[in-house]
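S.K.: Questions regarding the structure given below will be posed in turn.
Residue numbers (the UniProt record's numbering), protein chains in the order written: chain A, 1 to 241; chain B, 1 to 241.
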């Protein structure tokens, strides 16, 4: 499984590099004046082969990846089709339960519905342009959308993870069709999680010790992001372990 | 209504000052070794009478108060009993829809169920100790809990708002009893919102221009908060208005 994944990652990176060169040379096919593909390619190229720092997170502490309240990216895969979207309305509803708003217009939604799984990932400062890019175009209109976004895979899960993020949570859809239909809310049970241990280690964020480009990003409106900032530690409060 | 509110606020502040003096002199009744009540009193005393900078926020832009992903405080009132709790699991499920996890152990829950309203407020750096305090004790065990937390009222809403926060969203409970019972989730329609316009103005956060003590706070675990940090502005992205 590991060799297969390595081979897949290797082939993906070669294909990605070819596409990236082609885009760089020809310019993007679609008219997306405000998005600078080159910036995304350059920034994402830093993450190639960086899966070595991805470490498992205990399920009981995975909620902490999300509790900081950052903007997320949601990925899914079904029948060989993989996609990633950006999502600001993703939160917790318990220590193992995720609530994600996935609108009907999102191509990713059908992949989630059909596969029964989605991945919530925590993007960082160096990925802000990628977050806007992934949120701004749909696979339905631009199936080449993911060519500039490097995915990797973890053993046992046939789900695309976006390289360069600070954390990843695999969520198994809890079937509540009424909530999905009426409110576009998908509830997920967290079944696996990983973090980049340069910034989240032993169940805790260590932003103040990590490079600033690994800080989480919090999108508000009108192109405005805020990175997570300075830490303050009290000697009491929930989640001491 | 305004005069009544002003009188109420005035009487509350006097009562609060008396209680604060008593606590300062006698020490807290309960054994709460790690919480320094004096710090909370001192910090909260800065917010007395500061309601002048509270300005209405357009309903269509109120979601931005929450989208930054901070830890929140939830307040409610029923039959003259007011309370506030801290809550990390509060998010958005649409541009006017809030989803708040309120566990069965929370005293505030019955106030929300009976009144049909709750307020989500966005606390800031100067309130971190208050967030831990409000989250660490229940009105059921300590009905004097709110004596150290200064409330104020806005016209037309008989709901306690915590002074010193950066934003307040009044949510009308959308009755989904199954979701409330099964998942402890309360969905709310945002019906009114205000912000401290020193830090959120014209529908936008202006953290980098405001005093650092007005930054939002994001609780993770083990007494660890992070304040919101540095802003980055792109020329594209949803929510341009």
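Note that the Cβ used here is the ideal one computed from N, Cα and C, for glycine as well.
Since residue 63/A is in the alpha helix (DSSP H), which residue starts that stretch and which ends it?
M.R.: Counting along the chain, the alpha helix (DSSP H) containing residue 63/A begins and ends at 63–67.
S.K.: In three-state DSSP terms, what is residue 195/B?
M.R.: Looking at residue 195/B - three-state DSSP - the assignment turns out to be strand.
S.K.: Nearest chain B C-beta to residue 146/A closer than 9 Å, yes or no?
M.R.: It does not: the Cβ of residue 146/A has no partner Cβ on chain B nearer than 9 Å.
S.K.: Just how far apart, CA to CA, sit residue 56/A and residue 195/A?
M.R.: Roughly 6 Å separates the two Cα atoms.
S.K.: Per DSSP, residue 186/B is paired with what?
M.R.: Residue 186/B is bridged to 100/B.
S.K.: Mind checking who residue 139/A pairs with in its DSSP beta bridge?
M.R.: Bridge partners of residue 139/A: none, in fact.
S.K.: To the nearest angstrom, report how far apart residue 232/A and residue 165/B are at their CA atoms.
M.R.: Their Cα atoms are separated by approximately 18 Å.
S.K.: Which of the residues in the stretch 218–238 of chain B, read from start to end, lie with their CB under 8 Å from any CB of chain A?
M.R.: Per Cβ criterion, the list reads 218, 219, 220, 221, 222, 223, 224, 225, 226, 227, 228, 229, 230, 231, 232, 233, 234, 235, 236, 237, 238.
S.K.: I'd like the ranges of any alpha helix (DSSP H) spanning at least 4 consecutive residues and lying wholly in the stretch 104–176 of chain B.
M.R.: Within the stretch 104–176 of chain B, the complete alpha helix (DSSP H) runs of at least 4 residues are 107–115, 128–136.
S.K.: Output, in chain order, the set of chain B residues within a Cβ distance shorter than 7 Å of residue 93/A.
M.R.: Within 7 Å Cβ-Cβ: 89, 101, 183, 185.
S.K.: Which residue marks the beginning of the beta strand (DSSP E) containing residue 224/A, and which one marks its end?
M.R.: Start and end: 224–233.
S.K.: Is there at least one non-hydrogen atom of the ligand GTP closer than 8 Å to the beta-carbon of residue 175/B?
M.R.: Because no ligand of any kind appears in the structure shown, any question about the ligand GTP cannot be addressed here.
S.K.: Would you please verify whether the beta carbon of residue 189/A is less than 9 Å from any beta carbon of chain B?
M.R.: Not closer than 9 Å to any Cβ of chain B, the Cβ of residue 189/A fails to qualify, so no.
S.K.: According to the neighbour-count rule (16 or more other Cβ atoms, all chains shown, within 10 Å of its Cβ), is residue 202/A buried or exposed?
M.R.: So residue 202/A counts as exposed.
S.K.: Output yes if chain B places a C-beta closer than 9 Å to the C-beta of residue 172/A; else output no.
M.R.: Not an interface residue.
S.K.: Distance check for residue 112/A and residue 142/B, CA to CA, integer angstroms please.
M.R.: Approximately 45 Å between the Cα atoms of the pair.
S.K.: Mind listing the chain B neighbours of residue 179/A? Cutoff is C-beta to C-beta under 8 Å, in chain order.
M.R.: The answer, in chain order, is 179.
S.K.: Name the two residues that bound the continuous beta strand (DSSP E) containing residue 55/A.
M.R.: Unbroken beta strand (DSSP E) run through residue 55/A: 54–56.
S.K.: Just reading off the beta strand (DSSP E) that residue 86/B is part of, what are its end residues?
M.R.: Run containing residue 86/B: 81–87, per the beta strand (DSSP E) assignment.
S.K.: Determine, using beta carbons only, whether residue 138/A comes closer than 9 Å to chain B.
M.R.: Answer no: the Cβ-Cβ gap between residue 138/A and chain B never drops below 9 Å.
S.K.: I'd like the list of long-range same chain contacts for residue 21/A, defined as Cβ closer than 6 Å, with 5 residues on each side in sequence excluded.
M.R.: Reliability of the predicted coordinates at residue 21/A is poor, the pLDDT of 46 falling under 50, and no value is obtained from them.
S.K.: Taking the beta carbon of residue 155/B as the centre, do at least 16 other beta carbons fall within 10 Å, making it buried, or is it exposed?
M.R.: When all chains shown are included, residue 155/B counts as exposed.
S.K.: Give the residues of chain B in contact with residue 320/A, contact being defined as C-beta atoms less than 7 Å apart.
M.R.: Look at the range of chain A in this structure, 1 to 241, and you will see that residue 320/A is not part of it.
S.K.: Just to confirm my understanding: we take residue 91/B, look at its own chain, exclude 5 residues before and 5 after, and list those with CB closer than 6 Å. What are they?
M.R.: Around residue 91/B: 99.
S.K.: Using 8 Å as the threshold, is the stretch 186–195 of chain A in touch with the stretch 212–223 of chain B, meaning 3 or more CB pairs across them?
M.R.: Flag = no, the stretch 186–195 of chain A and the stretch 212–223 of chain B do not touch.
S.K.: Excluding sequence positions up to five away, which residues of its chain have a Cβ less than 6 Å from the Cβ of residue 244/B?
M.R.: With chain B running from 1 to 241 in the structure shown, residue 244/B is simply not present.
S.K.: Do you know how far the Cα of residue 67/B is from the Cα of residue 219/A?
M.R.: Near 7 Å, if we compare the C-alpha coordinates of residue 67/B and residue 219/A.
S.K.: Can you say whether residue 70/A is buried or exposed, counting buried as having 16 or more other CB atoms within 10 angstroms of its CB?
M.R.: It is buried - the Cβ of residue 70/A has at least 16 other Cβ atoms within 10 Å.
S.K.: In chain A, which residues lie with their C-beta within 7 Å of the C-beta of residue 194/B?
M.R.: The premise fails here: residue 194/B is roughly 17 Å from chain A at the closest Cβ pair, so nothing lies under 7 Å.
S.K.: Does any CB atom of chain B fall closer than 9 Å to the CB of residue 31/A?
M.R.: Here residue 31/A scores only 34 on pLDDT, less than 50, and its place in the model should not be relied on; the value that follows carries that caveat. So no, residue 31/A is outside the interface.
S.K.: Is there at least one Cβ from chain A nearer than 9 Å to residue 198/B's Cβ?
M.R.: Not one chain A Cβ lies under 9 Å of residue 198/B.
S.K.: Is the CB-CB distance between residue 238/A and residue 116/B below 9 Å?
M.R.: Cβ atoms of residue 238/A and residue 116/B: not closer than 9 Å.
S.K.: Look up residue 60/A in the DSSP assignment and say whether it is helix, strand or coil.
M.R.: In the structure shown, residue 60/A sits in a helix (DSSP, three-state: H, G or I).
S.K.: Compute the Euclidean distance between the alpha carbons of residue 171/B and residue 59/B, then round it to the nearest angstrom.
M.R.: When rounded, the distance between both Cα atoms is 11 Å.
S.K.: May I ask which residues mark the beginning and end of the beta strand (DSSP E) holding residue 218/A?
M.R.: Run containing residue 218/A: 217–221, per the beta strand (DSSP E) assignment.
S.K.: Quick check: is the beta carbon of residue 141/A nearer than 9 Å to any beta carbon in chain B?
M.R.: Cβ-Cβ to chain B under 9 Å: no for residue 141/A.
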